[in-house]
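Written out below as structure tokens is the structure these notes cover.
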Amino acid sequence: MSPLGSILRNGRQAASSGRLKVEGSPGGQVYLRFGRVIAATTPASPGPESLLLRSGRVSEDDWNVAFSAGAPTGRVGPELVDRGSVGSAGLEVVCLMATFDALFAMALFGAGAGTMEPLGPGDLLPNLLVQPGIPIERLDRETARRLEIAAGWQEIGVTPQCRPAAARAAAESPIRPDALRQSVLAKANGRRTPRDIAFTLGQGLFVVMQEIADMAREGLVVTDPPPPSEDEPTLDDDSLRLPLLPRHNATASRPRGGEDPQE
Numbered sequence: 080m081s082p083l084g085s086i087l088r089n090g091r092q093a094a095s096s097g098r099l100k101v102e103g104s105p106g107g108q109v110y111l112r113f114g115r116v117i118a119a120t121t122p123a124s125p126g127p128e129s130l131l132l133r134s135g136r137v138s139e140d141d142w143n144v145a146f147s148a149g150a151p152t153g154r155v156g157p158e159l160v161d162r163g164s165v166g167s168a169g170l171e172v173v174c175l176m177a178t179f180d181a182l183f184a185m186a187l188f189g190a191g192a193g194t195m196e197p198l199g200p201g202d203l204l205p206n207l208l209v210q211p212g213i214p215i216e217r218l219d220r221e222t223a224r225r226l227e228i229a230a231g232w233q234e235i236g237v238t239p240q241c242r243p244a245a246a247r248a249a250a251e252s253p254i255r256p257d258a259l260r261q262s263v264l265a266k267a268n269g270r271r272t273p274r275d276i277a278f279t280l281g282q283g284l285f286v287v288m289q290e291i292a293d294m295a296r297e298g299l300v301v302t303d304p305p306p307p308s309e310d311e312p313t314l315d316d317d318s319l320r321l322p323l324l325p326r327h328n329a330t331a332s333r334p335r336g337g338e339d340p341q342e
């Protein structure tokens, strides 16, 4: 059992439904319904909205239309599916990915104590939920598995704080990298952390770190690049900034609502 798994079980004992606030740096929130996890959010990893939007799976226009129609009744996900913006199976996969990734990220960065809070009729839920929810035991097993894998990355310098940079040998490789590897490699400039890259690409933190670890073993990236020179141009504003989600309709009265745009 992972430490975070213990926190989840303790929270479930306090109340089968509610919001579990997990302390840490940065920590996060886990939403439970009838003892199952329906969503998890943390600034340490992209949520489902970011995964859909930043990766290009869903356009901003399609999101805004679905949000305006579905947010007042907590039906943003069904609206996206009904309008053909994303398939029901694809949406479910993205929500599962984001939830598993959030738990992994919270544990990787260091999860502290958890406080269970009941949710009242006026409290907001994230826009996109896992239905009917994920058993805590399954989340705990997967989080423990990922943490074990991540522990092996430390010996090659791949940690949440590392700032990978493309090695000179990468340009000489005769093998054309796949789309994900090429995207991660393009963002690995020695100043972005894995979290920065994950948010920029709209990919999960675990997936990005795994790709960085694979490339580090193959000599395609280095994880301890020399510091940039003073005359090196600064990053563009878009590089390290968290992705901005489309503007939400401020007039919508949402009984269930939104993932923090700065997650």
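Following the numbering used here, the numbering of the sequence shown begins with 80 at its first residue and continues without gaps. Idealized CB from N, CA, C, for every residue including glycine. Remember, it's a predicted structure, so these values are computed and weren't measured experimentally.
The DSSP-derived three-state label of Thr194 is strand. In this chain, the beta strand (DSSP E) harbouring Glu102 covers 97 to 103. Contact check for Ala123 against Phe188 passes: the beta carbons are separated by less than 8 Å.
Here Ala229 is buried, its C-beta having at least 16 other C-beta atoms within 10 Å. Fully contained in the segment 158 to 239 are the following beta strand (DSSP E) runs of length 3 or more, in chain order: 190 to 196. In the three-state reduction of the DSSP assignment, Arg133 falls in the helix class. DSSP places Gly107 inside the beta strand (DSSP E), whose first and last residues are 107 to 112. Collapsing the DSSP output to three states places Thr120 in a strand. Boundaries of the alpha helix (DSSP H) harbouring Thr279: 273 to 280, taken from the DSSP string. Annotation: the continuous alpha helix (DSSP H) that includes Asn143 extends over 139 to 149. Here the C-alpha atom of Leu203 lies approximately 25 Å from the C-alpha atom of Ser85.
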